[in-house]
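Residue numbers (our numbering), protein chains in the order written: chain A, 9 to 492; chain B, 9 to 492.
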């Protein structure tokens, strides 16, 4: 039952996280919400698609500055035009992100309902979730902040729990919320699970902008003032709304639960009984993967011989993973990084990232693929005096006009058409043709065509760092040097 | 104490194995003896270098047809000129290989001693081993076949054991050999280990050619006749001696132990107390790697967090392996294949190879690097309508004059100088320069320079298989089609 067209629900998708517990798949440069962690689509794209339905407004997305092009690319690929793409200049946890997104909604659609939703959770039944939101809409319009509570399936100590004030029904309206129990001890979790009244906090919240702003005014007036300034001074930037960095830097970093929900007296909870996972660590991915009769989950080109209770995941074409005799283990293999651990120690993956960071390994934080405003590139290979990249340029996009002091570049077009400007002269280069960019030459690469343009770039020279670039002109307003 | 110069010892290096128990490092296309399994040098190169000393003749090498260029390359890189490189047209186990090599030695140096030695064992103390051989030389010259016995360090059931007829001393001459005990049961191994008189069979044998031929005449006359024919009809081939394929196909495949040693009455054993490993499986690699105080062996860019008793090995630049909380596990990671198993199940790696073979995975048998008579190439990347290779051409070497029906090639020279012949016209291409080979064009690539020539090849086209090649001329006498 969609709400009236006059008051659409705005999905406010929180996509600023940079979790490391799913390393090596999730890395600082490309966190889990943008990875195809479960199925072929990213969690972020799936979250946006979940609310692309009648009665729902286009999504408002809040994400980090490093992820803005990834988010825009993935929405475009999913055919979803966002209502706004809001850039956090730095990570400030969920309370400021929810407030900033809500203030942006309030300017355009003060009458709307807002559903704040994490970008990195798994909810298979989109229609069922939308129906649950519809059941909660009346209470939200009446001035409640409505949390969504998942029916627990185990005595999980890693989640926040919700205690309803009355028996919550999935097929009824929300009930008042008595209290939050954040990451309970094992005994407390077991007791709650046994009693069967408590729910898991799904991190989804439904409210009117006015109600949320009032809650911040009451519970966190300092945050409200700083975020209002950051939104008021936000600068439009290539289709993004960039929050004012100075004002944003002054905002307290705090979760929405701690800042508001644990203190607000007008909360309700809507029970939702559909399948849900926060995919918070590899243990959760194993669980959500649907273990087979041996308890194994195999993803990608993985082979299990005499294994039980294990997650074997191979990422990337041309990579084979074989496990023999594994018991309750997880093995995640990517072409540049491999993780092996007992499933029960999935939480310690952070330690792995810390150890790799300490030894200066790029894999700790960075993927072989780099996303840029014009598209992306993969580092395919590097060796003494050469580097090979695959470069994909979006239709209509262009790299900056640039030159390199230390390297020459050879471009071989594989698909689409490139327009190459070289020392002032432009020409068109088609599939199977190549162009040579000598050291020092001013050059620009554009894709004038209707589809993606793919080329192989072979760099040769004594120094091949990304910082060997001088920019003369850039439609994405990037500086004269730095990576390109 | 080297033997008299008149009777040098000829190392006969058996390099035809294709073991799969060290997958993914050892594969059918590049078995373990050619891999840098322990340290930077391959086991084969180390085996050849072990006997490059005064009083020793150049090595005679027996290897498979697929490995001949690898063996030749590695000897050249080690600065060792072989006495002969004998090619087995097919694998026939050790008895025929030892006999073929010995017959070849007998033609040139009938007075020599021959030391048959596996190419894939680890023996750190080369001088110590040569001294042990010198101690055994008198007995061998007097007509004994001398086996070498390693002092056992555990009740190993995977090895063959030797029972000396008298107490064997490492610092004395050989003693008569009473019997072989092939892969004993656990109780028998424990009893032998406790008694302390038995030794492990190292697979090293010292003898005169005449004595060995007589032994085959007595114990395996059919093998002798067939192998004599295969050697008599062997064809010189680009510096190799290729055994006659038809005669060789008729030779019984059987181990030297089974064919000769278990039946011969004139055997001795020389005890050798130095460190030795057959590196027969990952368990053996872990043991030989020298476990640290936690029992871990870390090789390559491997990180262990809270691990015990585990082998973590990362092969290849740009690949990081992290183990968390592993107990007695092995994890071997390569860019295209990863193996994870309990150390105690190292023997089951064969099953992994079989499983991968069954699912048609190239990684079961093939490496990303291909060795050819002119050098080698790596497949760096492949995608829709393109493939990128790094090609390394040895000084003075040349690829065949060839053409491709379905693909064009772009060559970018990274190091050295290429001589490129394109539709009859030759030109020289230096570092940073490129050449375009259109579809259908007759072309040849040569390295006229004194060092390795390295180029990046980008293939584009609708079909990029190795079999899209027509050869017009080939100095390595390969056929007009097939991979090149």
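For every residue, glycine included, the Cβ atom is placed at its ideal position computed from N, Cα and C.
All values reported here derive from a predicted model rather than from experimental measurement.
Check whether chain A comes within 8 Å of residue i, counting only Cβ atoms and requiring the distance to be less than that.
i                      : result
residue 385 of chain B : no
residue 484 of chain B : no
residue 280 of chain B : no
residue 444 of chain B : yes
residue 453 of chain B : no
residue 359 of chain B : yes
residue 476 of chain B : no
residue 317 of chain B : no
residue 344 of chain B : yes
residue 458 of chain B : no
residue 356 of chain B : yes
residue 89 of chain B  : no
residue 339 of chain B : yes
Comparing alpha-carbon positions, which option in the options lies nearest residue i?
i                      : options                : result
residue 94 of chain B  : B:68, B:29 and B:114   : B:68
residue 46 of chain B  : B:486, B:301 and B:285 : B:285
residue 176 of chain B : B:207, B:338 and B:161 : B:207
Taking the alpha helix (DSSP H) that residue i belongs to, which residues open and close that run?
i                      : result
residue 81 of chain B  : 76-85
residue 371 of chain B : Careful: residue 371 of chain B lies outside any alpha helix (DSSP H) and carries neither H nor E.
residue 235 of chain A : 229-240
residue 51 of chain A  : 51-58
residue 291 of chain B : 290-296
residue 256 of chain A : 253-257
residue 200 of chain B : 194-203
Taking only the alpha-carbon atoms, compute the straight-line gap between residue i and residue j and give it to the nearest angstrom.
i                      : j                      : result
residue 414 of chain B : residue 465 of chain A : 22 Å
residue 53 of chain B  : residue 124 of chain B : 15 Å
residue 295 of chain B : residue 395 of chain B : 40 Å
residue 407 of chain A : residue 399 of chain A : 11 Å
residue 303 of chain B : residue 331 of chain A : 21 Å
residue 106 of chain A : residue 217 of chain A : 10 Å
residue 403 of chain B : residue 455 of chain B : 6 Å
residue 275 of chain B : residue 259 of chain B : 25 Å
residue 4 of chain A   : residue 328 of chain B : One cannot answer for residue 4 of chain A here, as it falls past the ends of chain A, which runs 9 to 492.
residue 418 of chain B : residue 419 of chain A : 10 Å
residue 333 of chain A : residue 163 of chain B : 24 Å
residue 264 of chain A : residue 40 of chain A  : 21 Å
residue 137 of chain B : residue 347 of chain A : 41 Å
residue 90 of chain B  : residue 461 of chain B : 25 Å
residue 87 of chain B  : residue 133 of chain B : 20 Å
residue 72 of chain B  : residue 72 of chain A  : 57 Å
residue 363 of chain B : residue 306 of chain A : 15 Å
residue 493 of chain B : residue 140 of chain B : Here chain B covers residues 9 to 492 and nothing more, so residue 493 of chain B does not appear.
residue 290 of chain A : residue 255 of chain A : 36 Å
Using a C-beta cutoff of 8 Å, does residue i count as contacting chain B?
i                      : result
residue 371 of chain A : yes
residue 440 of chain A : yes
residue 311 of chain A : yes
residue 35 of chain A  : no
residue 399 of chain A : no
residue 449 of chain A : no
residue 171 of chain A : no
residue 154 of chain A : no
residue 237 of chain A : no
residue 353 of chain A : yes
residue 473 of chain A : no
residue 131 of chain A : no
residue 350 of chain A : yes
residue 71 of chain A  : no
In terms of residue numbering, what span does the beta strand (DSSP E) encompassing residue i cover?
i                      : result
residue 189 of chain A : 183-189
residue 169 of chain A : 169-172
residue 208 of chain A : 207-215
residue 155 of chain B : 153-158
residue 394 of chain A : 394-401
Does the beta carbon of residue i fall short of 7 Å from some heavy atom of the ligand ATP?
i                      : result
residue 356 of chain B : By its list of ligands, the structure shown contains no ligand whatsoever, and the ligand ATP lies outside what it can speak to.
- Query: Considering only residues of the stretch 309-382 of chain B, which uninterrupted alpha helix (DSSP H) runs meet the minimum length of 4 residues and lie entirely inside it, listed in chain order?
  - Reply: Whole alpha helix (DSSP H) segments, 4+ residues: 357-366.
- Message: If we require 3 or more residues per run, which beta strand (DSSP E) segments fall completely within the stretch 69-141 of chain B?
- Response: You should have 92-96 and 121-126.
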